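To keep things clear, I will list the structure first and then write my remarks on it.
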Amino acid sequence: MDNTEESAYESDQYELAASSIEESFEESEDTYVPFFSYKKIKGVLEGIFEKDSLSVAISTEKFLVFGTHWGHIHVVDLKGNISKSWHTHRAAVTSLACTKSNDFLISGGDDGKVVLHDFFSESRKVVADHQRPVKAVGIDPNYTSTEGKIVSGGLLEQLIVHEERKWPLGKRDLILDEGNGAIHTISWKNNLLAAANEKNVIIYDMVEMVPLTSIDRISLNLRSDLYPCRLFWESKYSLIISWGQHIQNVEIVDLNLINQSSANPDSKAKLYARVVSIIQSDSAVVGISKFDSDFMLLVYPCQIELDSEIVSSDNNYPKIDSPSKISDTHSTNDISLEVYPPELRVINKNHEEESNDILELTGYKKYKASDYNVLTFTETDDPDLSCWFIVSPKQIVEVKRKTFQQRLEWLNERKLYSQAFDEINDALIAQTGRFAGTNVIFSNKIMLDIGQGYADSLISSNDYEGASNVVFFTLNRIRTHIDDGNYDQIKLDQLWEFWAYKLASKGHLLSIADYIPTDLIGINEAIYELILSQLLDKNVTEFCKTIERWPTSIYSISSVEMAVLDKLDKLNRDSSESNKNSIYSLRLSLAKLLDRSGNIGKAIEHYLMVGYEGIIDRIENENLIYFVRDKVLLIMQHDELSAQITKDNNSNNIIFKDTEARELGSGNQLSGVSLLVNNVTAIPPTVVVPQLVENPYYIYVYLHALRNSDRHLCDQFADIQVELYAEYNPSELLGFLRSSTLYSLGKANQICESRGLVPETIYLLGRMGDFRRALMMILYELKDVDYAIRFAKEQNDKDLWDDLVNISSQSDSQSAINNENHVSNSLSSDLVSDGESDLPELPKEVVTMLRLALLSNADTKFVNPVMLLRSIPPSQQIPGIDKAVYSILDKYQLRIDLMKACNSVLNEYNEKLFNKSRKTLTKGVLLDTTSKCYVCNLELFPEESLSQTSLSPVEPSSSVKLVFGCSHAYHVECLISAQVLEKVKLKSLVSSGAKNERSGYVNSVDKTDYTVEDRNANVGNSKYRPGYNKNFTDFERKNRMSFMNSIMYGNYFTRAKLDRRMFINQYSVPSCLVCMNNVVKGISGTIGSREIGAFGYLDGHRGIEPGLNMMRGISSRVYENKKKWNIPPEFARKNSDAFNAADPINGKNRVNSEKESTENVDALPKIEALVL
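Under the UniProt record's numbering, the very last position in the sequence shown is 1172; numbers go up by exactly one each time.
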């Protein structure tokens, strides 16, 4: 409701609440908070009510319809403006009903007529004339002009249905009920009709037009004309009946829904009604409705008039001094009654009265109970749209629920702060109460007044925590509603300071610590520092939580830091377990505070002091290493604290282990040590070690980890490491001594001897060259015979073996005498110096073990087992010597067996290789008679040689064919040089014994015997035969073979071939040129595509010698790095120039070749292309 409306209807507001009751009845202690606001509807109604009075009224969705005692019917809106009026009846209008669509209106009056009104056509028609007063009418909610039902009843004591049916059926009237007295009330809901008579209320199913149930009237002695029955449909299947003092809640149930298992979906509904609850009031109920889920009752609190007597409805009401006199039209006698104004009550589900408003309506003392009623204007789920009307003969009052603002103002005016604050809390936070789920709107000013008033009351009752909570809720709610018009007038920062100082004056400032805002600008930082100071003194845990929660901009960090450091100094004086936890929490909170403020250097220092997990990783990841160059000791202590601190998951407390043992171990897995090791550039060992001088154990851990990373980084601290290993980890000392050579041997030996570290001392003596003393310590200190044997083998020194043999040869008597004088700790230098004194005796069992070890494991280069056995007296019994001897024999036998096995394997392998070689050499190669040479591309076997069938007097052909294992065949002249071929021919002639029969000596060959030019000139000649010499025609003419027979000729032929092959192998090593080409194919780039022949190597049609020379050049380049043949000195050329000129391989013309002596067959040229 806006301010304009409030001022317009201010005089007509009926503000009734507890104040009215308190003024009238001081004895009443109950105070109700009013739920409703009231407004009188004026308009033209005032003029109507001056001449006439209201007899009946109903409400629709859009307007009100009421009838008067003069028979008028008016349709008005909520402002009192009349939209339609009818003068229908000649007597009082007693009943009205309207369709759901507001198209038709039915009315009944004391004139006995039932009239149907059309809202839109102004037409009216009389439906029925009872000839008796009509008290109740009803109309089908879906009534139309052609079809529908109208129900009426009254003093005729009949309930009649006037049914309008479609053509051709027409209209008919049916009697549903009669004989039960006058019909007073009818209410229609969907297909259900409730009708109240003198005895009961009957519910009908108007589809079947049959009664469903009957609810009997409880008080039969009440006058039904003074206390009429009121019917209110709460829902489709819920009906509320009020009659006199009783309220009945009726529920209508469908039997088909109850028995779902046997229900037929096509069957009709089987309805029956049952009474769920009955409520008895102390006064007569004249109107009923619903307020949310509660009952709204309009009560007539006067004495109830019965048929025979008058009964007081409420004995607690005081008597009124001047009672009014009411004339009862239905009674023959005038009765003086005490009349009180009607009351509007709210009853909850638990039948408790929550509100009671007294309605002092104008002229209430003149009205009866039947003159009042409550109309429900809208039935909606939105509480803000709910509206009711209280009707009386001379006025209509609109009832609306109070807004939340009005409700709070009413409570604030009466200083009911606690109740007001609870209402706000229920509506906003708990979402309960009357205003839950509604649009709760109220001003910041009323919120501030209620909150501060309630907080003051709590402080007065010493509830400081509750007061702080109320202040927080109040000021925070005001802050979140900054659009409110009163916000600019409220200074929140000043209010927070006011309440903080007020609580501080009471000594309870900490109660507001959790509520004071940290993001509100304007609050003095002294407030926050004062809170932190008190928390630091009284509750360290809460201080740590607060300092982490609050931003650093609202207080002075330096002041807080100084306060925390002072507190730490005080706590450090007491070493109790609780103080340890407090110190840890305080220092960690201080570190986080400094970290958030940007002072990372100090923060890291405190993080390290508490062993904070993850700080080392952060230093490395964020490159903060330079902040810890001077904090090496804290880094090492961080690792130790991390190993000692554990966290209790249940209480979140820190538990410190009480242990004195070092738990840093090797340091390889410690984050702090790893940080120092991984950043030796930023923090070198020369910076780390001086900071750890007072903690040598930390030096040991650091240097050990550094050495595992890179042993060269700590070479300068080798002497220190020897002492540290000897002190803290002797088991690692020997490994260090073996791996390092930078320590002082003398100093290290002194350290080891002073601590009794025998293995380390032995190793150092070996490093210093005092092998004999080391060996004696092994035997006399450790008494470890196996170690002594291993040591002697490692040194490979004959003197050590001799000492071992001498010690093992000691007699039993000497052992017994000298065993008494033996010193067990260390050997003095006079016992082992240069062998001048006799060696001390060892226990008998050690000597026995030494003898057996020498027999079994001694180096045979220095110790002869046979001599060792002979040195043992025959009478001496040595347990286990038999096994030692067996072991020696087994070793010798094993050596012999291994040699035999190796020999057998080698012989078998040689045999396999020999067989393979023999198969390879004896393997035949198949040649066809049409095969050609792969160099010159000429036939290997000419046709004339194949067609010869008789013994030829001609000398056998000098041509030799070479066939390789790869099946490639060549003329021998195509593979070897002409000089070698010439010498082979001459050598073979001499060897074969070809002599002239006259002279008896070997015929000399013509000097122009065969030249390279002749061969090149004859290439392409079909009669050309390689190896054929034209000078042999003279030989043939002279008939030099005439003295041979066939056997001699065959022997000569075979011998000549074999000799030539032997001489070829002697002066040359022919190779397959095709296979060589495959080897050197990628090397030679000088052979053009025009030089490649049909065989993939050389074109024979372009000449033999050029291709041959080219291949020889390639071969010489391929094999130039291999070993060459060396010509024997006796065959060397005396004239090197002539030799070079005659060398055809280098591409030079043969000069003066005819001058060479053909008789010296051993003078061979230097052949570069041939290899071994």
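Positions of the beta carbon are idealized from the N, C-alpha and C atoms, including for glycine.
Treat the numbers as computed from the prediction; the structure is a model and nothing was measured.
Thinking residue i and residue j are a contact (beta carbons under 8 Å), I'd like their distance in whole angstroms, please.
i            : j      : result
residue 1180 : Ile288 : Nothing about residue 1180 can be read from this structure; the chain reaches only from 1 to 1172.
Lys932       : Glu939 : 6 Å
Pro393       : Tyr364 : Wrong, their Cβ atoms sit about 10 Å apart, outside the cutoff.
Asp639       : Leu588 : Between Leu588 and Asp639 the Cβ distance is about 17 Å, and since that is not below 8 Å, they are no contact.
Met636       : Leu692 : 7 Å
Tyr272       : Leu257 : Tyr272 to Leu257, Cβ: 12 Å. No contact.
Would residue i be called buried (16 or more neighbouring beta carbons within 10 Å of its own) or exposed?
i       : result
Gln405  : exposed
Val207  : exposed
Asp292  : exposed
Gly1088 : Residue placement at Gly1088 cannot be trusted, given a pLDDT of 37 that sits under 50; what the coordinates show is reported in the next sentence. By the neighbour-count rule (16 or more Cβ atoms within 10 Å), Gly1088 is not buried but exposed.
Thr185  : buried
Asp890  : exposed
Ala901  : exposed
Cys1075 : exposed
Arg230  : buried
Thr681  : exposed
Ser331  : Low local confidence applies: a pLDDT of 39 at Ser331 is under 50, so the model's placement there is unreliable, with the coordinate-based value given in what follows. When all chains shown are included, Ser331 counts as exposed.
Leu742  : exposed
Leu921  : exposed
Leu962  : buried
Lys1007 : At Lys1007, the pLDDT of 38 sits below 50, so the modelled position is not reliable; the number obtained from the coordinates is stated separately. Looking at its Cβ environment, which holds fewer than 16 other Cβ atoms inside 10 Å, Lys1007 is exposed.
Arg1112 : At Arg1112 the pLDDT is 46, less than 50, meaning the model places this residue with poor confidence; the figure from the coordinates comes in the next sentence. Under this definition Arg1112 is a buried residue.
Asn1065 : exposed
Gln245  : buried
Ser283  : buried
Gly924  : exposed
His351  : exposed
Gly47   : exposed
What span of residues does the beta strand (DSSP E) with residue i cover, start to end?
i      : result
Met296 : 294-300
Gln158 : 158-164
Glu354 : 353-358
Val200 : Looking at the sequence itself, residue 200 is Asn, so the reference to Val does not match. Looking at the DSSP string, the run of the beta strand (DSSP E) that includes Asn200 is 200-205.
Asp282 : No beta strand (DSSP E) holds Asp282; DSSP gives it neither H nor E.
Asn249 : 246-254
Arg345 : 343-347
Ala92  : That residue, Ala92, is in no beta strand (DSSP E); it is neither H nor E in DSSP.
Trp86  : 82-87
Where do the N-terminal and C-terminal ends of the alpha helix (DSSP H) with residue i fall, by residue?
i      : result
Lys916 : 881-921
Tyr464 : 464-480
Arg870 : 865-870
Pro59  : In the sequence as presented, Pro is not what sits at residue 59; that position holds Ser. Careful: Ser59 lies outside any alpha helix (DSSP H), inside the beta strand (DSSP E) at 54-59.
Gly47  : 45-51
Leu850 : 844-857
Continuous beta strand (DSSP E) assignments of at least 3 residues falling wholly in the region 584-631:
none
Continuous beta strand (DSSP E) assignments of at least 3 residues falling wholly in the UniProt repeat "CHCR" (673-817)
none
Validate contact between the region 69-81 and the region 94-113 using beta carbons, cut 8 Å, 3 pairs:
Yes, since at least three Cβ pairs between the region 69-81 and the region 94-113 fall closer than 8 Å, the two stretches touch.
Do the region 217-234 and the region 352-362 touch if we need at least three Cβ pairs shorter than 8 Å?
no
Tell me the start and end of each unbroken beta strand (DSSP E) in the region 370-451 that is at least 3 residues and wholly inside, in chain order.
373-376, 388-392, 395-401
Is it a yes or a no for the region 556-574 touching the region 504-516, going by three-plus beta-carbon pairs under 8 Å?
no
Decide if the region 718-737 is in contact with the region 697-704; the criterion is three or more beta carbon pairs, one per stretch, under 8 Å apart.
The answer is yes - the region 697-704 touches the region 718-737, with three or more Cβ pairs under 8 Å.
Decide yes or no for the touch test of the region 788-800 against the region 770-778: beta carbon pairs closer than 8 Å, at least 3 of them.
yes
Every unbroken alpha helix (DSSP H) within the region 506-584, with a cutoff of 4 residues, ordered by chain
525-538, 540-549, 557-572
Is it the case that the region 422-429 contacts the region 459-472, given that we only count it when at least three CB pairs across the two stretches are under 8 Å?
No, the region 459-472 does not touch the region 422-429.
Inter-stretch contact at 8 Å, needing at least 3 Cβ pairs: the region 268-288 / the region 241-249
yes
Taking 8 Å as the threshold, find out whether the region 402-416 comes into contact with the region 87-100 through three or more Cβ pairs.
no
Taking contact to mean 3 or more Cβ pairs, one atom from each stretch, closer than 8 Å, check whether the region 891-910 and the region 866-875 are in contact.
no
Count the CB pairs spanning the region 173-187 and the region 150-159 that are closer than 8 Å, and state whether there are at least three.
yes
Could you name each continuous alpha helix (DSSP H) segment of 4 residues or more that falls completely within the region 99-181, going from the start of the chain to the end?
none
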